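Numbering (the numbering used here), first residue to last: -15 to 217.
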C-alpha cells in the first residue's frame, strides 16, 4: 500500500481514537482502555513499517500509559495531568503520521504468504497484516502453497511465509523443505503450529524456519515477531 493510501485509510481511525481518548476523562472503562491500547499498538506497528521510528516510539509510550491504567483501573476519571499527557502523546503521533510526505517514507508493496487450513485464522491474520500495509496471499492446502512458492517470480515481494504444520494433504515441513531446496531466494519462514513438543520445534528450526510459535498464541506477539523477522532480513 503506497503511503498516501495509508494516510487516507488511517485518518478516520485517528479521528475515532481522538474521540475515545476525550471520553476517558468522563467515562473511564476497562473496555475503552483495552480498545485504545490495542489500536495504538496497531498504529505503532504501522508507523514502524513505514519507517517512522519516532511515531512508533511515541505510540509505544502511549501504549504503556494505557497498560498502566488497565493494571490500576478504578472507576474514576483520569486526573487532568494524566489526561493531558495522553492527549499530548496522541497529538504528536497524529501530527507525524498525517503530515509526513510520501518521499520520506518507505512504501510497503510486500506480500505475506499464509498457509493454514483454519480459514477463520487466515481471515484474522490477513486483516491484521492488511492494517499494517501488506498484501496477503492465503492457502489452505500444502499443494496450492507449494505451487505458488515454487515459482521464484512469486517470491520477489514476499518478505515472510507463515506456515502451519498440520495441513489436509501434508506436513508443513514438506513445504519448508521444498522452499529451501527449490529456490535461491532467501524467504524467512515462521512456523505456527499446535505441535508444541521440543522435538517438533527443533525439527522445524533445523530445516530452516527462522522461528516457531505454538498455538494457541497471541496475535500481537506474532505480529511483533513477524515485523522483527522482516526487519532482520
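Note that beta-carbon positions come from the ideal geometry of N, C-alpha and C, so glycine has one too. Since we're looking at a predicted model, the values are computed, not measured.
Taking the alpha carbon of residue i as the point to measure from, which residue in the options has its own alpha carbon closest?
i, options, result
"residue 41", "151, 128, 77, 109", "77"
"residue 171", "46, 106, 48, 161", "161"
"residue 8", "57, 36, 45", "57"
"residue 53", "79, 139, 35, 15", "15"
"residue -1", "149, 200, 71", "71"
"residue 199", "176, 185, 149", "176"
"residue 135", "159, -3, 80, 115", "159"
"residue 157", "129, 43, 208", "129"
"residue 139", "1, 152, 120, 155", "120"
"residue 79", "183, 194, 36, 184", "36"
"residue 196", "185, 28, 60", "185"
"residue 31", "104, -9, 65", "-9"
Check residue i in the structure and name its three-state DSSP category.
i, result
"residue 121", "strand"
"residue 179", "coil"
"residue 155", "strand"
"residue 196", "strand"
"residue 19", "helix"
"residue 203", "helix"
"residue 2", "helix"
"residue 144", "strand"
"residue 97", "strand"
"residue 173", "strand"
At the level of alpha carbons, what is the spacing between residue i and residue j?
i, j, result
"residue 38", "residue 67", "21 Å"
"residue 55", "residue 132", "46 Å"
"residue 63", "residue 12", "11 Å"
"residue 124", "residue 150", "10 Å"
"residue 112", "residue 203", "9 Å"
"residue 118", "residue 95", "6 Å"
"residue 23", "residue 143", "24 Å"
"residue 89", "residue 215", "Here the model assigns residue 89 a pLDDT of 44, short of 50, so the residue's position is not dependable, and the following value carries that caveat. When rounded, the distance between both Cα atoms is 15 Å."
"residue 106", "residue 146", "10 Å"
"residue 100", "residue 114", "17 Å"
"residue 28", "residue 3", "19 Å"
"residue 155", "residue 33", "32 Å"
"residue 201", "residue 1", "27 Å"
"residue 59", "residue 43", "25 Å"
Do residue j and residue i count as a contact pair if the criterion is CB distance below 8 Å?
i, j, result
"residue 17", "residue 5", "no"
"residue 181", "residue 164", "no"
"residue -12", "residue 82", "no"
"residue 73", "residue 45", "yes"
"residue 25", "residue 47", "yes"
"residue 126", "residue 102", "no"
"residue 61", "residue -3", "no"
Going by other Cβ atoms of all chains shown within 10 Å of its Cβ, with 16 needed for buried, is residue i buried or exposed?
i, result
"residue 141", "exposed"
"residue 210", "buried"
"residue 212", "exposed"
"residue 97", "buried"
"residue 178", "exposed"
"residue 189", "exposed"
"residue 148", "buried"
"residue 108", "exposed"
Taking only beta-carbon atoms, is residue i less than 8 Å away from chain B?
i, result
"residue 98", "The structure shown contains no chain B; it is built from a single protein chain."
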